[in-house]
Amino acid sequence: MGAFIGFIIFVAIIYYIFKFFEHSEREKTDNPNNDIETTSTSSKKNITKNTSTSSKKNSGEAVNANVNSNIDSNVDSKELFDEYMQILRDTYSEQAKQSDGEESMRLGENSLSFHRECPNGKIGLFVFAVSPRNGLDKKFLNLFEEEYALVALVFIGLDKSSGPYYSGLVTYCNLQNRRFNYQILYEDDDTPVLMIQGVVGGSDKFEDINNSKDAYQFICDLIAALDIEVRFMEKAKKAMAKGV
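Residues in the sequence shown are numbered from 15 upward in steps of one, following the numbering used here.
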């Protein structure tokens, strides 16, 4: 389970970092005054239980270096990215204060992540990441006009035999016009992972965040929203069983 959790957090964070990097490159390509600089994907094949932590750290540092050297040249976009990241940084510091220095959260180049028990009793990996528009599902694009948004995700590992059932459940939930998107991902060994994704976009959504306590409460509200979606899926199971 430890290796699985390490892999999922690695993939989730690196995915959004790569999307950010890809977005920066595309803006450079569109601007004839800038040099043109691609992205690659990550695999779990060589990550073992004993080496996943160091591999994750080294790979993350390499990608982070690329992100740092390719920050969006557009001032407004960079300011928005920094604004979202400040919320994550403030949340990280506030959590440390409230827990007497015990750090249960991981702060990345463009993300904040931690483990927490979900309403269904399973341990979920919660990830909050800053993502460019081109890294988001189409259903979210009409919610805001800015180049960046804050993405809220939870990953929940499932029993290997439950993949087909949850695929049907995810389809059912996505047809209910919820504000969140549901998806089933698979590890290399075909173990299914449930992902629930929501997006908060528009700078007006953050006007009331003035300090670290406000930022922490904002993230707590997003956690509560993800919990609601987990409960909704539990209710959806009963609805599906009744053929509703």
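Here a beta-carbon is modelled for each residue, glycine too, at the ideal position from N, C-alpha and C.
Just curious, the beta strand (DSSP E) that N195 is in, first and last residue? Position 181 of the sequence shown holds residue 195. N195 to Y200 is the extent of the beta strand (DSSP E) around N195.
Per DSSP, the bridge partner or partners of L208: The residue given as residue 208 occupies position 194 in the sequence shown. Secondary-structure assignment with DSSP links L208 through a beta bridge to I170 and I198.
V207 and L172 look like a contact to me (Cβ under 8 Å); what is the Cβ gap, rounded to whole Å? On the sequence shown, position 193 is the one that residue 207 refers to. On the sequence shown, position 158 is the one that residue 172 refers to. Rounded to the nearest angstrom, the Cβ distance from V207 to L172 is 7 Å, consistent with a contact under 8 Å.
Cβ shell of E248 (< 8 Å), same chain only, five flanking positions each side left out: On the sequence shown, residue 248 is found 234 positions in, with the first residue counted as 1. Result list for E248: P133 and N134, in chain order.
Could you compute how far the alpha carbon of S69 sits from the alpha carbon of F140? Indexing the sequence shown from 1 puts residue 69 at position 55. Indexing the sequence shown from 1 puts residue 140 at position 126. In this prediction, S69 has a pLDDT of 35, which is less than 50 and means its spatial position is unreliable; what the coordinates show is noted afterwards. Whole-angstrom Cα-Cα distance: 21 Å.
Within the continuous beta strand (DSSP E) that includes F142, where are the two ends? In the sequence shown, counting from the first residue as 1, residue 142 sits at position 128. Annotation for F142: the continuous beta strand (DSSP E) segment containing it runs I137 to P146.
Among L155, M119, Y180 and G212, whose alpha-carbon lies nearest the alpha-carbon of R192? Indexing the sequence shown from 1 puts residue 192 at position 178. Closest option to R192, Cα to Cα, is G212.
Let me know if Q112 comes out buried or exposed under the rule of 16 or more other beta-carbons within 10 Å of its beta-carbon. Mapped onto the sequence shown, residue 112 falls at position 98. Exposed, since its Cβ has fewer than 16 Cβ neighbours within 10 Å.
Measure the beta-carbon distance from L150 to A163 and round it to whole angstroms, keeping in mind my assumption that it falls under 8 Å. Position 136 of the sequence shown, counting from 1, holds the residue named residue 150. Position 149 of the sequence shown, counting from 1, holds the residue named residue 163. That belief holds up - the Cβ atoms of L150 and A163 are roughly 7 Å apart, short of 8 Å.
Do I170 and K219 have their CB atoms nearer than 8 Å? Start at 1 with the first residue of the sequence shown, and residue 170 comes out as number 156. Start at 1 with the first residue of the sequence shown, and residue 219 comes out as number 205. Their beta carbons are not under 8 Å apart, which means I170 does not touch K219 by this criterion.
Proximal residues to E108 (C-beta, below 8 Å), its chain only, five neighbours per side dropped: To locate residue 108, count along the sequence shown from 1; it is residue 94. Counting only Cβ-Cβ distances below 8 Å, and skipping sequence neighbours, we find S226, K227, A229 and Y230.
Counting Cβ pairs, one atom from each stretch, are 3 or more of them under 8 Å apart for the segment 142-156 and the segment 239-258? Flag = no, the segment 142-156 and the segment 239-258 do not touch.
So, with DSSP's three-state summary, where would you put R103? Taking the first residue of the sequence shown as position 1, residue 103 is located at position 89. Note: R103 maps to helix in three-state DSSP.
Which stretch, first to last residue, makes up the alpha helix (DSSP H) that contains L236? Working through the sequence shown from its first residue, we reach residue 236 at position 222. S226 to K256 is the span of the alpha helix (DSSP H), which, as asked, contains L236.
Comparing C-alpha positions only, which one of S91, N188 and S125 sits nearest to L102? Your numbering for residue 102 matches position 88 in the sequence shown. It is S125 whose Cα lies nearest to the Cα of L102.
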